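Each residue of the sequence shown is one higher than the one before, counting from 49 in this note's numbering.
The beta-carbon is built from N, C-alpha and C at its ideal position, and this holds for glycine as well.
Owing to the predicted nature of the structure, the values given are computational and were not obtained by experimental measurement.
Structure record follows, encoded as structure tokens.
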Amino acid sequence: MPRSRNSDHLHRHRLLRELWLFVPSIYSTLLPTQQWEVHRLYEPSEFFEDDDELLAFVKASIAKEPSLPNRVGKHWEFTTRW
49 MPRSRNSDHL HRHRLLRELW LFVPSIYSTL LPTQQWEVHR LYEPSEFFED
99 DDELLAFVKA SIAKEPSLPN RVGKHWEFTT RW
């Protein structure tokens, strides 16, 4: 899977945040460990003041777990198939 651009991360966080706030049951399509991985990369339960703050968080998450974007990308593909 190719590396995600910053715009991809921003889009995914916004969508995941909306789902978290308005359709949280959508997360039940993922296993609990997969849900935690999504949260570790994008923190949909959190409000970020600006895009730079979110991108810094994503960058720090990737630095801690370099394979996290790949795993979350697979979850993303799974949940957006339907």
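Assumed close pair residue i, residue j - CB separation to whole angstroms, cut-off 8 Å
i	j	result
E94	V120	E94 to V120, Cβ: 16 Å. No contact.
L89	S109	5 Å
H123	L63	Between L63 and H123 the Cβ distance is about 13 Å, and since that is not below 8 Å, they are no contact.
P117	S52	6 Å
Distance CB(residue i)-CB(residue j) smaller than 9 Å
i	j	result
H61	P92	yes
Nearest-angstrom Cα separation, counted from residue j out to residue i
i	j	result
D98	E66	16 Å
V71	P80	17 Å
L102	F96	6 Å
Q83	H57	16 Å
A104	H87	15 Å
Cβ neighbour criterion (16 or more within 10 Å) applied to residue i
i	result
Y73	Note on residue identity: the sequence assigns Ser, not Tyr, to residue 73. With fewer than 16 Cβ atoms within 10 Å of its Cβ, S73 is classed as exposed.
L195	Past the edges of the chain, shown from 49 to 130, lies residue 195, and the structure says nothing about it.
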